[in-house]
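Accompanying notes for the structure given below.
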Amino acid sequence: MTFSYIARRCFPVDQWSLRGSRVSHSPEWGNEMSELLSEMGTRIGLHSFVWTLLLALEFAVALSFMKYSPAIRRIVAAIITCAAAVMGFAATAPNAMALTSVDGFVAQWNGKSADYDNAYGAQCMDLFNFYNRDVVGAPRVAVATAAQVYGAAPANYTRLGASTPAVKGDVAVWGSGLPNGTGGAGHIAIVLADQGGSLQILTQNPGATHIASMSKAYLTGYLRPKNLTPPSNNPTGSVDEVSSPRAGVVRIRGWALDRDDAGAAIQVHAYVGGQAGAPNTEGHPFVANGARPDVNSAIGVPGNHGFDATFAVSRSGNLPVCIYGINIGGGDNVLLGCRTIGIADPNPKGALDEATALGLGTIKVRGWSFDPSDSAKLNDVHIYVGPQPGQAGSRAIVLRTSKSRPDVNSAFGIGGNHGFDAVISTGLRGPQTVCAYGINIGEGWTNPQIGCKTVTVR
Numbered sequence: 001m002t003f004s005y006i007a008r009r010c011f012p013v014d015q016w017s018l019r020g021s022r023v024s025h026s027p028e029w030g031n032e033m034s035e036l037l038s039e040m041g042t043r044i045g046l047h048s049f050v051w052t053l054l055l056a057l058e059f060a061v062a063l064s065f066m067k068y069s070p071a072i073r074r075i076v077a078a079i080i081t082c083a084a085a086v087m088g089f090a091a092t093a094p095n096a097m098a099l100t101s102v103d104g105f106v107a108q109w110n111g112k113s114a115d116y117d118n119a120y121g122a123q124c125m126d127l128f129n130f131y132n133r134d135v136v137g138a139p140r141v142a143v144a145t146a147a148q149v150y151g152a153a154p155a156n157y158t159r160l161g162a163s164t165p166a167v168k169g170d171v172a173v174w175g176s177g178l179p180n181g182t183g184g185a186g187h188i189a190i191v192l193a194d195q196g197g198s199l200q201i202l203t204q205n206p207g208a209t210h211i212a213s214m215s216k217a218y219l220t221g222y223l224r225p226k227n228l229t230p231p232s233n234n235p236t237g238s239v240d241e242v243s244s245p246r247a248g249v250v251r252i253r254g255w256a257l258d259r260d261d262a263g264a265a266i267q268v269h270a271y272v273g274g275q276a277g278a279p280n281t282e283g284h285p286f287v288a289n290g291a292r293p294d295v296n297s298a299i300g301v302p303g304n305h306g307f308d309a310t311f312a313v314s315r316s317g318n319l320p321v322c323i324y325g326i327n328i329g330g331g332d333n334v335l336l337g338c339r340t341i342g343i344a345d346p347n348p349k350g351a352l353d354e355a356t357a358l359g360l361g362t363i364k365v366r367g368w369s370f371d372p373s374d375s376a377k378l379n380d381v382h383i384y385v386g387p388q389p390g391q392a393g394s395r396a397i398v399l400r401t402s403k404s405r406p407d408v409n410s411a412f413g414i415g416g417n418h419g420f421d422a423v424i425s426t427g428l429r430g431p432q433t434v435c436a437y438g439i440n441i442g443e444g445w446t447n448p449q450i451g452c453k454t455v456t457v458r
């Protein structure tokens, strides 16, 4: 390993120099520095050469507190690498992290002209390329226009849609349709704050780097640096109503969204009987995609995030109903709230008031039945003589509840006709069991037996 090799490795021709308050390429400076250090190494020997580098490092650290600190930090890194190579140590790559903060970048460039490639003057792409390198630590994005950056961004970024609320440090990309007189080149800038319909940005061209506000019109989307990404958002929302409008039915109403993609409609899961995972609970999934302009206005988000769902359940009684917002990005599902409500049994009610054998295989049956799911409607009653449902030889005799029963209506606070009174025939003789079953017409889950009597058929 020669001193000339070491010097040229640490101070290549394509090196950085200081020119006013800006940093630019200077091949002449790189050549001169390489030759100087090579000559120093030849004359003073390896040990003294290393100490000379360390002294240079100490001088550079002192300078780093001055206005040229971004450039000096790069020179310091080069000297450390060179010293490690000369002394036989292997340099370890640092963890991926921002070379400077967003605030530091704003302070460095605000009011100055950033010309990354020394071509075409100070463009918006030049400011982005410095940000991409110095804050994100990403490889250069080699595209022709700002509008193309969104599709060509390296893995150091997460692409987000234009409806996503922006956060400080995002890179905003406007598409080729932006009417800014650039012939379809679009625009790119660093987000400092989301202002609703516009963005506060650090931008360049027209003019030097400055802070401004720009409309979100023609915005393609955002590139969110992964090394600056804040912790993922969990869903948020509100449960405005949990009720049971009729037997066997639950209604839930409210809103939910996930700020990881605030424009998207997320799922909402309702659990009847307890929280998710509790024994004997039943789950019902929905999508919060109803219009809630009040939520959009209050929180400043786009999209539809309301839910208003009515659904049948297979349980009754006083039960908790728990509602969860389902996460769509990083984070977890969130319990939005639980409410305990009374859910009436939706299965038919009724009674077999009479079963009397009349002779010649005939039986008079009388009683009533109604379905709480829709008490105004007539429902059927099935009469079985002898073998019951599921048994060999069973046969249903179908009756309609079309007779007036004001006593039933008064007792249950309902209207309509719900009585049955008929004479049925059977070929069976001797003692027989006569049972009646109310037939479900609504949200219930069974056809309950409403009464049985024993008669002797002659």
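Start counting the sequence shown at 1; every next residue gets the next number (the numbering used here).
Think of the CB as a built atom: it goes at the ideal place given N, C-alpha and C, for glycine as much as any other residue.
Residue i by DSSP, collapsed to three states: which one?
i    : result
P372 : helix
Y131 : helix
S488 : The question about residue 488 has no answer here: the residues shown for the chain are numbered 1 through 458.
R259 : helix
P406 : helix
A177 : Position check: residue 177 holds Gly in this sequence, whereas Ala was assumed. It is coil, neither helix nor strand.
Q148 : helix
D380 : strand
D460 : With the chain represented from 1 up to 458, any question about residue 460 goes unanswered, as that position is not in the structure.
A411 : helix
Y157 : strand
L428 : coil
A264 : coil
D421 : strand
L228 : coil
G367 : strand
R140 : coil
G386 : coil
R246 : coil
T433 : strand
Between which two residues does the beta strand (DSSP E) holding residue i run?
i    : result
V239 : T236 to S243
P225 : L219 to P225
A392 : Here A392 belongs to no beta strand (DSSP E), and DSSP marks it neither H nor E.
A193 : H187 to D194
V272 : Q267 to V272
Q449 : Q449 to V457
L199 : S198 to T203
I439 : Premise fails: I439 is in no beta strand (DSSP E) and is neither H nor E.
A212 : H210 to S215
In whole angstroms, give me the CA-to-CA distance for residue i and residue j.
i    : j    : result
D170 : A193 : 9 Å
N233 : L219 : 23 Å
L202 : I211 : 5 Å
G196 : A344 : 46 Å
G207 : N132 : 20 Å
T2   : N110 : Legend: pLDDT at T2 = 46, less than 50; position of this residue unreliable, no value from coordinates given.
V457 : Y324 : 59 Å
S101 : I190 : 12 Å
A392 : V242 : 46 Å
D332 : I326 : 8 Å
Y222 : R159 : 6 Å
A459 : S113 : The question about residue 459 has no answer, for the chain in this structure spans 1 to 458.
E443 : P245 : 12 Å
C124 : G290 : 39 Å
S369 : T433 : 19 Å
G317 : L178 : 60 Å
G416 : A357 : 29 Å
K377 : C452 : 24 Å
I383 : D258 : 55 Å
A465 : G329 : In the structure as shown, the chain starts at 1 and stops at 458, and residue 465 therefore has no counterpart that could be examined.
G151 : P235 : 28 Å
A262 : Q275 : 26 Å
A351 : I450 : 5 Å
P279 : A153 : 48 Å
D115 : A146 : 15 Å
Q200 : A142 : 26 Å
L228 : H187 : 22 Å
I424 : T310 : 41 Å
May I ask which residues mark the beginning and end of the alpha helix (DSSP H) holding residue i?
i    : result
D170 : Here D170 belongs to no alpha helix (DSSP H), and DSSP marks it neither H nor E.
G104 : V102 to W109
Problem set entry | Sufficient close CB pairs (3 or more, under 8 Å) joining the stretch 183 to 194 to the stretch 244 to 254 | no
Problem set entry | Those runs of the alpha helix (DSSP H) which lie wholly inside the stretch 281 to 362 and span at least 4 residues | 293 to 299
For this session: Give a yes or no on contact between the stretch 381 to 388 and the stretch 404 to 414, applying the rule of three or more CB pairs nearer than 8 Å.
Result: no
Exercise. Using 8 Å as the Cβ pair cut-off and three pairs as the minimum, do the stretch 365 to 378 and the stretch 260 to 274 touch?
Worked result: no
Problem set entry | Given 8 Å, three or more beta-carbon pairs between the stretch 278 to 285 and the stretch 297 to 305 | no
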